[in-house]
Amino acid sequence: MNKTIYWLCRPWFFIIIFAFLLTPTVKITNAIESGADFLNTTIGARPSAMGNASVALSNDINAAQTNPAGLADLNARQFGAMHSRQYFDTNLDFIGIAFPSKAIGTLALSLTRLGHEKIQQRTINRQAQGDFKAYDQTINLSAGKSLTSQTNAGINLKLITSEIAGEKAETAAIDLGITHKFKNKPITAGITAKNIGPGLKYINQRDPLPLSITLGMAYDLIPGFRLAMDVKRLIYDKENTISLGTEYQVVNGLYLRAGYMAAGNQKQKAGPENITGGVGIKLLGSTSGFIMFLTVLK
Numbered sequence: 010m011n012k013t014i015y016w017l018c019r020p021w022f023f024i025i026i027f028a029f030l031l032t033p034t035v036k037i038t039n040a041i042e043s044g045a046d047f048l049n050t051t052i053g054a055r056p057s058a059m060g061n062a063s064v065a066l067s068n069d070i071n072a073a074q075t076n077p078a079g080l081a082d083l084n085a086r087q088f089g090a091m092h093s094r095q096y097f098d099t100n101l102d103f104i105g106i107a108f109p110s111k112a113i114g115t116l117a118l119s120l121t122r123l124g125h126e127k128i129q130q131r132t133i134n135r136q137a138q139g140d141f142k143a144y145d146q147t148i149n150l151s152a153g154k155s156l157t158s159q160t161n162a163g164i165n166l167k168l169i170t171s172e173i174a175g176e177k178a179e180t181a182a183i184d185l186g187i188t189h190k191f192k193n194k195p196i197t198a199g200i201t202a203k204n205i206g207p208g209l210k211y212i213n214q215r216d217p218l219p220l221s222i223t224l225g226m227a228y229d230l231i232p233g234f235r236l237a238m239d240v241k242r243l244i245y246d247k248e249n250t251i252s253l254g255t256e257y258q259v260v261n262g263l264y265l266r267a268g269y270m271a272a273g274n275q276k277q278k279a280g281p282e283n284i285t286g287g288v289g290i291k292l293l294g295s296t297s298g299f300i301m302f303l304t305v306l307k
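Residue numbers for the sequence shown follow the working numbering, beginning at 10 and rising by one.
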């Protein structure tokens with residue numbers, strides 16, 4: 010414990026954190042903000058319940074979205090699915106499957122879709138002119154592999170599609186991730202760089218993807234009780250987000266989770282709506298070859 014506190018209190022540790030938060034982006038970012046905001050949507054019951062503090066904790070099928078390096082920790086095939094009713098008749102769906110292999114690491118295939126059922130169309134005079142549909146989706150091919158007994162690396166290749174009233178835009182992007190478990194310390198650190206690629210182009214306008222870099226850390230305070238924190242930097246939007254999460258294993262297969270997400274911009278104010286929570290249930294043993302995670306969210 011004393012060595013952990015000593016390590017976290019070293020001056021260079023704080024220098025790195027503040028440099029990450031305060032370093033200005035290049036001049037070109039002063040004139041642009043990113044589009045494709047659906048790529049910032051939290052995917053997975055566990056990350057959602059823990060305030061999106063997930064970069065250092067990713068170790069299941071949701072790692073395909075949070076940190077692909079976590080896929081390397083899978084030791085059995087895993088299937089995951091999520092459906093969430095969002096605002097204004099919007100549905101968020103995720104489905105994915107992962108196949109671990111000792112030879113090449115873990116491969117995963119997943120689909121994320123944000124669908125808008127009906128959007129009212131109006132003329133320039135504000136007269137109703139019927140409805141139209143819109144959707145955003147990504148198809149992901151992910152891989153995670155252990156580089157050493159303590160370090161994992163991963164990559165996510167994704168095809169991004171967005172359609173509004175028949176106008177479609179497509180592009181490709183990659184996510185990169187690393188996790189590292191410190192030797193003889195109950196600490197795991199992670200880092201991701203997400204949405205690296207050209208933007209989505211509608212007609213004559215191209216909007217950059219929400220490029221982000223996230224640092225994460227998880228700490229096992231006592232057996233069965235874990236703390237997690239993520240610090241996320243949206244490069245083009247010049248915003249920081251701090252996510253805090255906890256997970257407590259009540260009994261084998263039953264987890265209580267809670268989290269808080271603090272936005273770093275003036276548009277989003279801190280409040281009770283930033284608090285998340287959930288109950289996780291692990292069903293089916295690894296002997297069956299598949300593991301499914303279900304969570305009831307706040």
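Just so it is clear, CB atoms sit at the ideal spot from N, CA and C, and this is done for glycine as well. Predicted, not measured: the structure shown is a model, and the values here were computed from it.
Membership of S57 in the alpha helix (DSSP H) is indicated by the continuous run 54 to 58. In this structure A45 is in contact with L218, their Cβ atoms being roughly 5 Å apart against a cut-off of 8 Å. Of all C-beta pairs linking the segment 226 to 242 to the segment 107 to 116, fewer than three are shorter than 8 Å, placing the two stretches out of contact.
Residue G225 holds the alpha-carbon nearest to the alpha-carbon of T197 among G225, N261, G163. Separation of the CB atoms of I205 and A174 is rounded to 29 Å, and the pair is thereby denied contact status at 8 Å.
With respect to G153, A267 sits apart: the two C-beta atoms are not nearer than 8 Å. Apart from sequence neighbours up to five positions away, the residues of its chain that approach F191 with a beta-carbon distance below 8 Å are Q159, T197, A198, ordered along the chain. Under DSSP, K247 takes part in no beta bridge, so it has no partner. Counting other Cβ atoms within 10 Å of its Cβ, K241 reaches 16 or more and is therefore classed as buried. Here the C-alpha atom of G287 lies approximately 10 Å from the C-alpha atom of G60.
Just measuring C-alpha positions, the residue of K203, P195, G89 sitting nearest Y245 is K203. Going by C-alpha positions, I251 is about 21 Å away from N68.
Under DSSP, F108 forms a beta bridge with L116.
Rounded to whole angstroms, the gap between the alpha carbons of G114 and G254 is 28 Å.
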